[in-house]
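Novice: Let me give you the structure first, and then I'll get to my questions.
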Amino acid sequence: MKIYLNGKLVDKREAKVSVFDHGFLYGDGAFEGIRSYNCRVFRLKEHIDRLYETMHTLMIDPHLTKKQMNDVVLATLRANKIKDGYIRLIVSRGEGDLGLDPRKCFGRPNVICITDKITLYPPELYQQGMAIITVPTVKNVPNALNPQLKSLNYLNNILAKMEATHCGYNEAVMLEENGYIGECTGDNVFIYKDGVLSTPHLGRLKGITAAAILELAAKIKIKVFEGYITRHEMYNAGECFLTGTAAELIPIVKVDGRTIGEGRPGPVTKKLLDAFHQLTKKDGVKYSF
Ligand code: PXG
Numbered sequence: 072m073k074i075y076l077n078g079k080l081v082d083k084r085e086a087k088v089s090v091f092d093h094g095f096l097y098g099d100g101a102f103e104g105i106r107s108y109n110c111r112v113f114r115l116k117e118h119i120d121r122l123y124e125t126m127h128t129l130m131i132d133p134h135l136t137k138k139q140m141n142d143v144v145l146a147t148l149r150a151n152k153i154k155d156g157y158i159r160l161i162v163s164r165g166e167g168d169l170g171l172d173p174r175k176c177f178g179r180p181n182v183i184c185i186t187d188k189i190t191l192y193p194p195e196l197y198q199q200g201m202a203i204i205t206v207p208t209v210k211n212v213p214n215a216l217n218p219q220l221k222s223l224n225y226l227n228n229i230l231a232k233m234e235a236t237h238c239g240y241n242e243a244v245m246l247e248e249n250g251y252i253g254e255c256t257g258d259n260v261f262i263y264k265d266g267v268l269s270t271p272h273l274g275r276l277k278g279i280t281a282a283a284i285l286e287l288a289a290k291i292k293i294k295v296f297e298g299y300i301t302r303h304e305m306y307n308a309g310e311c312f313l314t315g316t317a318a319e320l321i322p323i324v325k326v327d328g329r330t331i332g333e334g335r336p337g338p339v340t341k342k343l344l345d346a347f348h349q350l351t352k353k354d355g356v357k358y359s360f
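The structure is reproduced here in structure tokens:
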């Protein structure tokens, strides 16, 4: 496996960064998870734009233009001959001393691209639907670690994930401080009822998969709503599903022990999943090897 590391494609064993990298010491850095389908990178521009937005807020300059970053992704996929893959693009602050202050980071940011495969949940759950729970750990508030930042600090979500897996569930619904539905640890949440597809508008990452699903829903004339959603509304939804680059679209059939709709993936979920698969076939930046 070849890894892109600061301008070079190196062997996996040689892809190493310093223990003084502030990405390692403090989670100081940005990342994106991206997918490619049959030699097409899905929504690459949107992922690169989001990465640069996170870096802008973190004041990290990768010393690469967006076009160059785009080419890093494609070159890593080509080098590994990956047609269908999962891409992890990382920019960490770089080497510094043992203090928080990023001004003391003398090294350049480390730019890393890994291409591999990922399956987030067991495959049978995509057919049967998954059961999830709400957990005690709430989302970070926007004036702390803003949910829009895809930073290397994912501890908030990791704590929530642990709370779910500890209870025997694969995924956690994280609530906002005020109790409204936020999102899952690596996915956005959707519910469907009476012709309306709803998703929280705040307190969540503006997922690229979620944006694609909202576009597809509008195209097939499903009304969409972005706003506050309560647990009660989620429990009483006709259908529910999660979206994310890693997860793609996974049906949810139980939340906190409450059966959702008929207790199996519903027709709207299936229709959107099908439309999403069609979209990934034609949408995306092409590459070849
Ligand atoms: N919410 C959060 C908190 C995320 O981290 C999404 C929603 C979905 O966004 P996209 O743009 O991918 O549709 C994410 C994505 C994992 C994993 O292993 C999850 C993500 C990234 C990398 C790995 O669960 N997050």
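Per this note's numbering, the very first residue in the sequence shown carries number 72; after that it's consecutive.
Where is the CB? At the ideal position from N, CA and C, for every residue including glycine.
Since this is a predicted model, take the numbers as computed values, not measurements.
Go ahead and label Cys238 buried or exposed: buried means 16 or more other beta carbons lie within 10 angstroms of its beta carbon, across all protein chains shown.
Specialist: exposed
Novice: In whole angstroms, give me the CA-to-CA distance for Gly253 and Thr236.
Specialist: 19 Å
Novice: Classify Asn181 as buried or exposed, calling it buried when 16 or more other Cβ atoms lie within 10 Å of its own Cβ.
Specialist: Buried, because 16 or more other Cβ atoms sit within 10 Å of the Cβ of Asn181.
Novice: If Leu115 sits next to Gly355, beta carbons under 8 Å apart, how far is it from one beta carbon to the other, in whole angstroms?
Specialist: 7 Å
Novice: Report the rounded CA-to-CA distance for Thr351 versus Val112, giving the unit in angstroms.
Specialist: 9 Å
Novice: Give me the Cα-Cα distance between Gly328 and Pro322, rounded to the nearest whole angstrom.
Specialist: 15 Å
Novice: Which class does Asp33 belong to by DSSP, given the choice of helix, strand or coil?
Specialist: Residue 33 is absent from the structure shown; the chain starts at 72 and stops at 360.
Novice: Quick one: is the Cβ of Gly165 within less than 6 Å of any heavy atom of the ligand PXG?
Specialist: no
Novice: Within its chain, find whatever has a CB closer than 8 Å to the CB of Gly334; leave out the 5 residues flanking it on each side and keep chain order.
Specialist: Gly200, Val324 and Lys325
Novice: Any chance the CB of Asp258 is under 6 Å from a heavy atom of the ligand PXG?
Specialist: yes
Novice: Taking contact to mean 3 or more Cβ pairs, one atom from each stretch, closer than 8 Å, check whether the stretch 212-230 and the stretch 81-99 are in contact.
Specialist: yes
Novice: Could you pull out every residue in the same chain whose Cβ sits closer than 8 Å to the Cβ of Val295, ignoring the five residues on either side in sequence?
Specialist: Val267, Leu268, Ser269, Thr270, Leu285, Ala288 and Ala289
Novice: Since Tyr251 and Gly309 are thought to touch, with beta carbons under 8 Å apart, how far apart are those beta carbons, to the nearest angstrom?
Specialist: With a Cβ gap of about 20 Å, Tyr251 and Gly309 do not count as contacting.
Novice: Please report how far the alpha carbon of Ile105 lies from the alpha carbon of Ser89, in whole angstroms.
Specialist: Going from the Cα of Ile105 to the Cα of Ser89 covers about 25 Å.
Novice: Any chance you could list the alpha helix (DSSP H) runs of at least 4 consecutive residues sitting entirely within the stretch 281-312, in chain order?
Specialist: Residue ranges of uninterrupted alpha helix (DSSP H) with 4 or more members, entirely inside the stretch 281-312 and ordered along the chain, are 302-306.
Novice: Kindly indicate which three-state DSSP category Arg84 falls into: helix, strand or coil?
Specialist: helix
Novice: Just verifying my parser: in three-state terms, what is the DSSP assignment at Asn181?
Specialist: Here Asn181 carries a strand assignment [DSSP, helix/strand/coil].
Novice: Tell me whether Arg335 sits in a helix, a strand or coil according to DSSP, three-state version.
Specialist: coil
Novice: Can you round the beta-carbon distance between Lys87 and Asn151 to whole angstroms, since I take them to be within the 8 Å contact cut?
Specialist: Between Asn151 and Lys87 the Cβ distance is about 18 Å, and since that is not below 8 Å, they are no contact.
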